[in-house]
Structure formats: structure tokens, C-alpha cells
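S.K.: Under numbering that gives the first Met the number 0, the first residue of the sequence shown is numbered 0, with each subsequent residue one higher. Positions of the beta carbon are idealized from the N, C-alpha and C atoms, including for glycine. Sharing a structure below in C-alpha cells format, with a few things to ask.
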Amino acid sequence: MKMTKKEALKLFKRYVKVGMKCWNKLLVFLANFKQNIAVRIEAYLHRSLDRETVQQTEGHRLFTQDILKKYEANPSGLILRVISWGLVIFVLWASFFHINETVKGIGQVVPSKRLQVIDNLEGGILTDILVKEGDGVKRGQIIAKLDSTQTAAKLKEYKEDEARLQLTIQRVKAQANNQPFIPSEDLVQKLPDLVKQEIDLYNAAIAKYKDDTVIAEKELEAAKSALKEAQEKEKFLKEQLPLSEEQATITQKLTEKGLYSKLRYIEAKKALLELKSQMSSLNEQLPKFKAAIEQSQQKIKKVKSDYDTQTQRELKDTEFKLAETASNKAIMIDRMERQDIKSPIDGIVKETLVKTQGGVIQAGQDIMTIVPQDDELLIEAKIAPDDVGFVHKDMPVRIKVTTFDFTIYGQLDGVVENVSADALMDKQERPYFRVDIRAKKNYLEHYGKKLHINAGMQVNVDIETGRRTVMAFILKPILKTFDRSFTER
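Rendered as C-alpha cells:
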């Protein structure tokens with residue numbers, strides 16, 4: 000708000016009036032001071048010194064009296080000289096002596112890590128609560144326990160399934176590689192009955208494979224034997240056919256000459272036709288015998304292929320089941336470990352939300368809250384909008400914890416880490432800027448005893464924004480007043 004000329008003149012008259020009053024009081028003080036000094040000097044000389052000493056200090060007394068006479072002759076001059084020299088000394092001191100310029104604010108200690116809410120993923124029956132509100136806890140410390148009966152039973156089941164599947168994989172791999180099945184010693188000791196069962200399965204599978212292979216090989220041998228017999232017969236018929244044809248031709252010529260009867264010619268012709276018929280039939284059978292051989296060979300291959308396919312399928316399915324079982328076992332192990340609820344941080348138990356032992360905890364239900372307590376101390380301070388323009392990152396800060404009298408316990412040093420980009424509103428709808436400050440240590444020390452600072456404690460902060468001379472501080476309100484004076488809208 001700017002001042003009018005009338006208001007400025009009124010303010011100036013008030014300053015002059017106050018100055019005159021101060022001047023008069025100063026004159027009265029100096030007069031009284033002069034009288035007191037003279038009386039004290041005389042009393043001291045007569046009380047403390049003997050005659051000889053008095054004579055020796057006569058010069059000092061005369062010097063003092065001379066000063067007093069000069070003061071009585073011209074009191075105003077002496078006072079003015081004293082004031083002038085004092086003013087000069089003060090101006091010089093005020094012009095060169097620097098003091099810190101600070102921005103003040105209030106704040107609160109906050110955890111460098113946010114409040115930790117302790118819960119349990121699966122829930123269960125709460126069997127024991129090992130801490131209470133206000134207790135300090137360490138990271139990894141067990142703070143509560145859940146009933147582990149069902150989880151332990153499920154974990155045991157998965158472990159047995161895993162061992163059984165591992166044994167099956169050993170058996171199937173032995174089948175696939177056509178090797179003897181020798182179960183591992185640990186499985187023999189753990190699962191003797193199951194080992195015997197797997198050995199029986201191995202022997203049955205190998206026996207079936209061998210039987211199917213033998214049958215296919217016998218069929219192949221039979222087909223080869225039939226083909227060989229047909230080929231030998233074909234060879235014989237091929238040798239007989241020319242002879243039979245020649246016999247029929249000769250018989251025909253002799254019959255025509257009347258040397259043979261016609262019946263004999265017919266018999267020779269009939270024998271030739273039968274031979275040709277056998278040859279034709281044999282030619283039709285030979286491809287069938289060859290096809291039977293090829294079919295038997297394919298059957299042998301199929302027996303092995305089916306055996307390998309079935310073995311690989313069983314191995315793949317078993318390995319999949321083993322992986323699934325191992326995953327479920329890992330989940331159960333993890334769940335088993337979570338039956339002992341542990342603190343994730345060093346801190347102090349703020350609140351226990353479940354207090355009934357034997358009660359049922361729902362999945363994800365909050366059990367307690369822990370305030371972090373570590374080596375880092377973070378402070379959220381509120382700074383007025385008028386001052387925030389001078390506050391920047393990395394500025395030094397003096398922190399005074401209201402719980403501990405700083406004149407006795409001292410203060411903390413810190414540094415500005417962040418200034419909020421926009422103004423916030425408090426409960427009274429007053430704007431402020433949030434300044435994050437990190438302290439260099441999290442405790443005060445008094446006679447060797449450490450006093451730890453906890454989250455929630457209130458603090459006053461002095462942010463050092465620069466250094467100014469005493470004269471600058473004195474002239475600031477005067478210059479500001481004159482800057483606002485003698486201006487009107």
C-alpha cells in the first residue's frame with residue numbers, strides 16, 4: 000500500500016519528535032554519568048591510596064578535573080564529539096560486518112521412506128503377535144506368526160509329487176535311450192514302493208517293444224521266404240516253357256504226318272497251356288510278395304517309431320508336470336516363509352491393526368504399520384510465498400527441533416533438496432510452498448548421549464539465502480518507506 004504526502008510528512012514529524020526525546024534523555028544521562036564518575040574517582044583515591052600515593056596520582060586527578068571543567072564549560076561540544084565518534088565507529092562496523100540472511104519456516108520430520116503397512120498375501124490364522132505399539136524392530140525381525148499346518152501339508156505333497164515325477168523321468172529316459180533303468184539312490188530310499196512300480200513299468204514297456212519287433216521281423220522273414228520260393232518257381236517255369244513249346248510243335252508235325260495220334264497232340268498242347276498259366280499266375284504273385292516284404296519292413300520301423308514317439312510324449316508330459324509341481328512347491332515354500340511375518344525395514348511399530356490371537360486374517364488384510372527409522376532424516380517445511388523466491392536447491396539450513404531446546408541441545412545442519420513447483424494450501428486455506436530438507440544426521444548429541452529424531456516431530460528451519468551487512472538491514476525499512484512515500488494513484 001503506497002503512502003500519501005500527508006501521511007509521509009506526519010511520519011517524518013513523528014520521527015523528529017521521537018529523536019528530540021531521545022536527545023534530551025541522552026543529555027540527562029551524561030550529566031548524571033559525569034557526577035557519578037567524579038564522586039567514584041574521589042572516593043577511590045581517598046579510600047584505597049595512602050598520602051604518598053595520593054600525591055603521585057595528583058596529576059591524574061587534576062587531569063580528570065580538567066576534563067570535567069571542559070565539560071562544564073561546553074557540555075554540548077563534548078557530547079557531540081563523543082556521539083560523532085561513536086556514530087562513525089558504528090557506521091564503519093555496520094558497513095563491513097556481515098550477518099546471515101535467512102528465510103524462516105516451520106516443518107515436520109517425515110520418514111525418508113513412507114509408512115510401511117504390513118499385510119499378508121494369502122491370509123490365515125494368526126497364532127502369535129510378537130511386538131506391540133511403540134516397539135522398535137529391525138529389518139527381517141519376526142513380528143507375527145500365522146498357522147502353517149495346511150501350508151506344510153501341501154508343501155509335503157508337492158515334494159512327494161516332485162520325487163515321483165523325477166523317478167518317472169529317469170525311467171522314461173532309460174527307455175528312450177534303450178539303457179538299463181537304475182534309479183538314483185536317494186529316490187530308492189525315499190520311495191521304495193514307487194521305485195518297484197517304475198521298474199515293472201520299464202520292464203513291461205521294454206518287453207512289449209521287443210515282442211512287437213519280433214512279430215514284425217517274423218512277418219518280414221515269411222514274406223522274404225515266399226518271395227524266394229516264387230522266384231525259384233519262376234526260374235523253373237522259364238526253363239520248362241521253351242521245352243514244352245518245342246514238344247507241342249513236334250507233336251503237332253508228327254500228328255499231321257499221322258505218326259502220332261491227335262490225342263497225344265492235345266495232351267502236349269494242354270501241358271503247354273498249363274505251364275503258361277502257372278507262369279502268368281506267378282508273375283501276378285511276385286509284386287505281392289515284394290509288397291509284403293516292404294510292408295513288414297515298414298511295420299518294423301513303425302514299431303520303433305511308435306515306441307519312440309510314445310516315450311518322448313511321456314517324457315515331455317512328465318517334464319511339464321515336474322515343472323508345474325516345482326513351481327507349486329516354490330510357491331508353497333514362499334508361502335511357508337511368509338507364515339512368519341517379518342519387518343521389511345528398521346523402524347518403530349506405530350499401530351497394530353489386528354490384536355486377537357487365533358483370529359482369521361483375510362488375504363491382503365493390514366496387520367500393523369511401521370514408521371521407518373534409518374540414517375536419513377527428511378523434513379517437509381512450509382515457506383511463505385513472499386520468501387520462496389530466495390530459496391533454491393543445495394542451500395544450507397539450520398534445523399531446530401522444538402522437542403529439544405536448541406539453546407541446550409543445539410541444532411541440526413541440513414541442505415535444501417527440493418522446492419515445490421506450485422503453492423499448496425494448508426487447513427486454513429493459506430498458501431505455502433513445500434521445501435524438502437535433508438538433515439546431515441538424525442540425532443542431537445548432549446554430553447555424549449544421542450537423542451534420536453523421530454518422524455512427526457515439529458521443527459523450525461532457518462534457510463541461509465545469503466549474507467548482508469548490518470547497515471543493509473538498518474537501511475532496508477527506511478529505503479522501503481521512502482520508496483513507497485510521495486506516490487499517489
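Taking all protein chains shown into account, do 16 or more other C-beta atoms lie within 10 angstroms of the C-beta of MET424, making it buried, or fewer, making it exposed?
M.R.: MET424 comes out exposed.
S.K.: In the DSSP output, which residue or residues are listed as bridge partners for GLY104?
M.R.: For GLY104, which the question treats as bridged, DSSP gives the partners VAL460.
S.K.: Would ILE292 pass as a contact of ALA222 if the rule is Cβ separation under 7 Å?
M.R.: Cβ distance < 7 Å, so ILE292 and ALA222 count as in contact.
S.K.: Could you check where the beta strand (DSSP E) with THR368 kicks off and where it finishes?
M.R.: Residues 365-371.
S.K.: Under a three-way DSSP split, which group does MET0 fall into?
M.R.: With a pLDDT of 41 at MET0, under the threshold of 50, the modelled position of this residue cannot be trusted; read the value that follows with caution. The answer is coil: DSSP assigns MET0 none of H, G, I, E or B.
S.K.: From the DSSP output, in three-state form, read off GLY388 for me.
M.R.: Helix, per DSSP.
S.K.: Quick test of the definition: if touching needs 3 or more C-beta pairs under 8 Å, does the region 402-419 touch the region 360-367?
M.R.: In short, these stretches do not touch, since the Cβ pair count stays below three.
S.K.: Who does ARG397 pair with in a DSSP beta bridge?
M.R.: Paired residue(s): ASP412, ASP461.
S.K.: Going by DSSP in three states, TYR431 sits in which element: helix, strand or coil?
M.R.: Three-state DSSP puts TYR431 in a strand.
S.K.: Leaving out five residues on either side along the sequence, give the residues of the same chain with a beta carbon under 6 Å from the beta carbon of GLY104.
M.R.: Excluding residues within five positions, the ones whose Cβ falls inside 6 Å are ALA380, LYS381, ILE382, VAL460.
S.K.: What number of angstroms, rounded off, separates the C-alpha of LYS234 from the C-alpha of GLU318?
M.R.: Approximately 59 Å, taken between the alpha carbons.
S.K.: Looking at GLU197 and LEU166, is the spacing between their C-beta atoms short of 7 Å?
M.R.: In contact: LEU166 and GLU197 (Cβ atoms closer than 7 Å).
S.K.: DSSP three-state call for SER147: helix, strand or coil?
M.R.: If DSSP states are grouped into helix, strand and coil, SER147 belongs with coil.
S.K.: Starting from GLN115, trace the beta strand (DSSP E) in both directions and tell me its first and last residue.
M.R.: Per DSSP, GLN115 belongs to the beta strand (DSSP E) from 115-118.
S.K.: Return yes when the Cβ of GLY388 is within less than 7 Å of the Cβ of PRO371, no when it is not.
M.R.: In this structure, GLY388 does not lie closer than 7 Å to PRO371 by Cβ.
S.K.: Leaving out five residues before and five after GLU216 in sequence, what residues of the same chain have Cβ atoms less than 7 Å from its Cβ?
M.R.: Here the set comprises ILE299.
S.K.: Determine the direct distance from the alpha carbon of ILE340 to that of SER304, and round the result to whole angstroms.
M.R.: For SER304 and ILE340, the distance between alpha carbons rounds to 55 Å.
S.K.: So for ARG466, helix, strand or coil by DSSP?
M.R.: Note: ARG466 maps to strand in three-state DSSP.
S.K.: Just curious, the alpha helix (DSSP H) that LYS189 is in, first and last residue?
M.R.: 184-189 is the extent of the alpha helix (DSSP H) around LYS189.
S.K.: Who pairs with ASN417 in a beta bridge, going by DSSP?
M.R.: In DSSP, ASN417 forms a bridge with ASP435.
S.K.: Per DSSP, GLY447 is paired with what?
M.R.: Looking at the DSSP assignment, GLY447 forms no beta bridge with any residue, so it has no partner.
S.K.: Between the Cα of ASP192 and those of ALA203, ALA162, VAL213, LEU314, spot the shortest distance and give me the residue it belongs to.
M.R.: Nearest C-alpha to ASP192: ALA162.
S.K.: Taking the continuous beta strand (DSSP E) assigned at LYS508, which residues delimit it?
M.R.: Residue 508 lies beyond the range of the chain shown here (0 to 488); nothing can be said about it.
S.K.: Hey, how far is the Cα of GLN284 from the Cα of LEU272?
M.R.: Rounded to the nearest angstrom, the two C-alpha atoms are 18 Å apart.
S.K.: Taking the alpha carbon of LYS354 as the reference point, which residue from THR126, LEU376, VAL213 has its own alpha carbon closest?
M.R.: The shortest Cα separation from LYS354 among THR126, LEU376, VAL213 belongs to THR126.
S.K.: So the candidates are SER342, GLY135, THR150, LYS237; which of them puts its Cα closest to the Cα of ILE142?
M.R.: Checked all of SER342, GLY135, THR150, LYS237; the closest Cα to ILE142 is SER342.
S.K.: Does ALA173 pass the burial test, meaning 16 or more other C-beta atoms within 10 Å, or should it be called exposed?
M.R.: Buried, because 16 or more other Cβ atoms sit within 10 Å of the Cβ of ALA173.
S.K.: On the three-state DSSP scale, how would you describe ARG50?
M.R.: Caution applies to ARG50, whose pLDDT of 45 falls short of 50 and renders its modelled position unreliable; the model cannot decide the point.
S.K.: Going by alpha carbons, who is nearest to LYS158 out of THR464, PHE180, GLU184, ALA322?
M.R.: Nearest of THR464, PHE180, GLU184, ALA322 to LYS158, Cα basis: ALA322.
S.K.: According to the Cβ coordinates, are ARG433 and LEU377 closer than 7 Å?
M.R.: Taking 7 Å as the Cβ cut-off, ARG433 and LEU377 do not qualify as a contacting pair.
S.K.: Have a look at LEU91 and GLY85 and give me their C-alpha separation to the nearest angstrom.
M.R.: Spanning the two alpha carbons is a distance of roughly 10 Å.
S.K.: What did DSSP end up calling GLU350 once you bin it into helix, strand or coil?
M.R.: Three-state result, GLU350: strand.
S.K.: Hey, quick one: how far does the beta strand (DSSP E) through GLY358 stretch, first residue to last?
M.R.: Element bounds for GLY358: n/a, residue is neither H nor E.
S.K.: Does the Cβ of LEU443 have 16 or more other Cβ atoms within 10 Å, making it buried, or fewer, making it exposed?
M.R.: Buried.
S.K.: Identify which residue in ALA225, VAL187, ARG170 has its Cα closest to the Cα of ALA203.
M.R.: Selected option, being the one with the closest Cα: ARG170.
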